[in-house]
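Protein chains in written order, with our numbering: chain A, 833 to 1118; chain B, 8 to 269.
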């Protein structure tokens, strides 16, 4: 338990490099940044594998304690964000979908409506926007909670009681965030497409609801559903890993927590974009 | 079969190096040789920053020795994993300041280890926890969030949490630190009850190891004492030996700190 966590961090003992003297040239500076980046990737990879191993091996362990914790995390990263996502879906529909529908109708290109909506909302904007919002709302809280727990010695206390911190603290967050982002993305897409039509309807765009939704359903294929599910779960998994890694895997003092939270959110954004790129390549290849 | 098989040491350290929890590259103690027999009550004294917490965490298997070996109930602590969980749970640990889970209530803090290890429902674990809370006079605080407790009561909650799994070896890191006089006396008496065999443990005597930076409250003929000083661990013996020691480090630990009141 502790050994695993320590190993994940020792692989990337960033403090050693952060405390090194200032580099004398831009090339040294760049080299150090690249080296730090590679070490972070290595540490995140190790932490992700450890977490995956714990989830697979201990999924059913201590169910009476873990099931309420998993439910709590699903509620936190999913259900409790629904009102905000209702608002974002309306905004997205009014600002993006409605205007796109209106513009396509003006140039007589409503035949492209379905494929445009699927590419913009279903494949890209829906999942990515959901991931970013969950990262901002829940990911930040993750880093601060775990960082504070680490700084106050709660992680050592768990270990002393024979409780695996990765199982107790990380597993519920990973599951909650993966399921939360998946569900919220579905609601966001449905909400944005519906409110988008509403906006187009208010602008007197000559398009019946039947034609609008028929075009969208015809533009969707089975691969969109499969990759959407995989992508959203991947977003949830990696956001949880990045935020938990920064909160838990490093020895922290209380005054480190805010700095680490900023770093975790930045890296979370980068990881989401990288995951998105991988899925774009998958769309293009398949 | 020799006698050690019947009565093995509870803790056995051979040439152990102790690292700092804040920096794994820093060795705070070298070549620790120590053996604790069942039913003994050890007091390990050292000044601030002498490595008391790191020493105790190494005994509990929370830190690995940088050299040598540390065995608890005959099991190497560096091998403590899921397979050795039964051995690990024979050790209870009370951290300095408690290190409670601040978002949980007192009752939830105490019941958590039992619920997690035995997979018990909240109501089942609460039955056991309630007895322990009553015993440690914590019942009025059962629903209070741990973050809202004073240091005196936090220490008792930490003790209750460590005791709920009925450990055979109890490690206490600075248990008297920051306690008021009444709580200090209560805790010393309670630890003596555990040592001699508390009814809740079926009268089975418990092995205890406590760290301190002030030896005076721990005066007792049958307790054993060890001193941490300048990266070395030395067994001082009983109270008579420690009281008559000529070592300046020991004398300092027996002297009231300037401006402090007990």
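The beta-carbon is built from N, C-alpha and C at its ideal position, and this holds for glycine as well.
{"Check": "With distances taken between CB atoms, is the gap from residue 120 of chain B to residue 995 of chain A smaller than 9 Å?", "Outcome": "yes"}
{"Check": "Please name the residue, chosen from B:53, B:122, B:79 and B:175, that lies closest to residue 41 of chain B on a Cα-to-Cα basis.", "Outcome": "B:79"}
{"Check": "List, in order along the chain, the chain C residues whose C-beta lies closer than 9 Å to that of residue 158 of chain B?", "Outcome": "Of the protein chains in this structure, namely A and B, none is chain C."}
{"Check": "Determine, for residue 96 of chain B, whether the minimum Cβ-Cβ distance to residues of chain A falls below 9 Å.", "Outcome": "yes"}
{"Check": "Taking the straight line between their C-alpha atoms, what separation do you get for residue 128 of chain B and residue 897 of chain A?", "Outcome": "8 Å"}
{"Check": "Please decide whether residue 1066 of chain A counts as near chain B, where near means a Cβ-Cβ distance under 9 Å.", "Outcome": "no"}
{"Check": "If residue 116 of chain B and residue 168 of chain B are in contact, beta carbons under 8 Å, what's the gap, nearest whole angstrom?", "Outcome": "6 Å"}
{"Check": "Run the CB neighbour count on residue 26 of chain B, radius 10 Å, all protein chains shown included, and call it buried at 16 or more, exposed below.", "Outcome": "buried"}
{"Check": "With a CB to CB cut of under 6 Å and the five nearest residues on each side skipped, what residues in its chain are close to residue 949 of chain A?", "Outcome": "1048"}
{"Check": "Could you name the residues of the region 988-1019 of chain A whose beta carbon sits closer than 7 Å to any beta carbon of chain B, in the order they occur along the chain?", "Outcome": "988, 989, 991, 992, 993, 994 and 995"}
{"Check": "Please go through the same chain and pick out, in chain order, the residues whose beta-carbon is closer than 8 Å to the beta-carbon of residue 887 of chain A, but skip the five residues on each side of it.", "Outcome": "1003, 1006 and 1007"}
{"Check": "In whole angstroms, what is the alpha-carbon distance linking residue 906 of chain A and residue 927 of chain A?", "Outcome": "29 Å"}
{"Check": "Out of A:1064, A:934, A:880 and A:871, point me to the one whose CA is closest to residue 1037 of chain A's CA.", "Outcome": "A:934"}
{"Check": "Give me the Cβ distance between residue 150 of chain B and residue 114 of chain B, rounded to the nearest whole Å; I'm assuming they're in contact under 8 Å.", "Outcome": "7 Å"}
{"Check": "Strictly below 8 Å CB to CB, what residues from chain B border residue 984 of chain A?", "Outcome": "106 and 109"}
{"Check": "If contact is defined by three or more beta carbon pairs under 8 Å, each pair taking one atom from either stretch, is the region 977-995 of chain A in contact with the region 1008-1028 of chain A?", "Outcome": "no"}
{"Check": "Report all residues from its chain with a CB closer than 6 Å to the CB of residue 73 of chain B; omit the five preceding and five following residues, and keep chain order.", "Outcome": "24, 26 and 34"}
{"Check": "Buried or exposed, going by whether 16 or more other CB atoms sit within 10 Å of the CB of residue 240 of chain B?", "Outcome": "buried"}
{"Check": "Counting only C-beta atoms, is residue 894 of chain A closer than 9 Å to chain B at any point?", "Outcome": "yes"}
{"Check": "Report the residue from A:1105, A:1110 and A:1085 whose alpha carbon sits nearest the alpha carbon of residue 28 of chain B.", "Outcome": "A:1085"}
{"Check": "Please list, in chain order, the residues of the region 949-978 of chain A that have any C-beta partner in chain B closer than 9 Å.", "Outcome": "977"}
{"Check": "Pull up the DSSP beta-bridge partners for residue 25 of chain B, would you.", "Outcome": "B:36"}
{"Check": "What do you get for residue 1109 of chain A, buried or exposed, if any count of 16 or more other CB atoms within 10 angstroms of its CB means buried?", "Outcome": "exposed"}
{"Check": "Go ahead and label residue 269 of chain B buried or exposed: buried means 16 or more other beta carbons lie within 10 angstroms of its beta carbon, across all protein chains shown.", "Outcome": "For residue 269 of chain B, the pLDDT reaches just 46, beneath the cut-off of 50, and the residue's location in the model is therefore unreliable, leaving the point undetermined."}
{"Check": "Using the rule of at least 16 other Cβ atoms within 10 Å of the residue's Cβ for burial, across every protein chain shown, is residue 236 of chain B buried or exposed?", "Outcome": "buried"}
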